[in-house]
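Student: The structure follows.
Residue numbers (the working numbering): 1338 to 1498.
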């Protein structure tokens, strides 16, 4: 199963590379259903001046018509970085049934304190609705985000990976 997840995480890394090249933090996301790509997304916060334009929300917006008209827990979202609380809520609200993560914020230094996606999902009682898969291409995902964060966000406070 590792190489299957790695295939789609690499697609997320391609989106992250584009994001960074555009002047954003290098984070990418991919949404699948039944093994087929439904949508991709990337962090576009600084190029769009939209603080909600995270990779996960961008992918969800790009999959919007499909998610609304064909709701199903069969959707899988791959993301190169741990989703923030806003993105985690969007994932749950969209009905996505599986979240696959690359990099993970370090809770002791993270922007949102001691939270993590599993904790947030558990707090809202959705542990039976959203499966979380971790440890997919972690080093590559962390390196991608760090590469572009340093270049594109000097002086801006951002979460530590």
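All residues carry an ideal CB built from backbone N, CA and C; glycine is no exception.
Remember, it's a predicted structure, so these values are computed and weren't measured experimentally.
Return helix, strand or coil for residue 1466, following the three-state DSSP convention.
Tutor: Of the three classes helix, strand and coil, the one that applies to residue 1466 here is coil, per DSSP.
Student: Does DSSP put residue 1377 in a helix, a strand or coil?
Tutor: Strand.
Student: For the structure I just gave you, are there three or more beta carbon pairs, one from the stretch 1351 to 1358 and one from the stretch 1465 to 1476, closer than 8 Å?
Tutor: With a cut-off of 8 Å, the stretch 1465 to 1476 and the stretch 1351 to 1358 do not count as touching, because too few Cβ pairs lie within range.
Student: For the alpha helix (DSSP H) containing residue 1397, list its first residue and its last residue.
Tutor: From DSSP, the alpha helix (DSSP H) with residue 1397 extends over 1392 to 1399.
Student: Consult DSSP for residue 1446 and reduce its assignment to one of helix, strand or coil.
Tutor: At residue 1446, the pLDDT of 46 sits below 50, so the modelled position is not reliable and the matter cannot be decided from this model.
Student: For residue 1379, is the classification buried or exposed, using 16 other Cβ atoms within 10 angstroms of its Cβ as the cut-off for buried?
Tutor: Buried, because 16 or more other Cβ atoms sit within 10 Å of the Cβ of residue 1379.
Student: When you compare each of 1377, 1483, 1426 to residue 1396 by their alpha carbons, which one comes out closest?
Tutor: That would be 1377, whose Cα lies nearest to the Cα of residue 1396.
Student: Give the DSSP-derived three-state secondary structure of residue 1405 in the structure shown.
Tutor: In this structure, residue 1405 counts as helix in the three-state DSSP scheme.
Student: Could you give the C-beta distance for residue 1365 and residue 1417, rounded to a whole number, given that I count them as a contact under 8 Å?
Tutor: The pair is a contact, with the Cβ atoms about 5 Å apart (cut-off 8 Å).
Student: Are the CB atoms of residue 1464 and residue 1432 within a distance shorter than 8 Å?
Tutor: Result no, Cβ atoms of residue 1432 and residue 1464 do not sit closer than 8 Å.
Student: Using the C-alpha atoms, what's the distance from residue 1426 back to residue 1389?
Tutor: Computed Cα separation, rounded: 12 Å.
Student: Based on the DSSP output, what are the partners of residue 1368 in its beta bridges?
Tutor: According to DSSP, which records beta bridges pairwise, residue 1368 is partnered with 1376, 1414.
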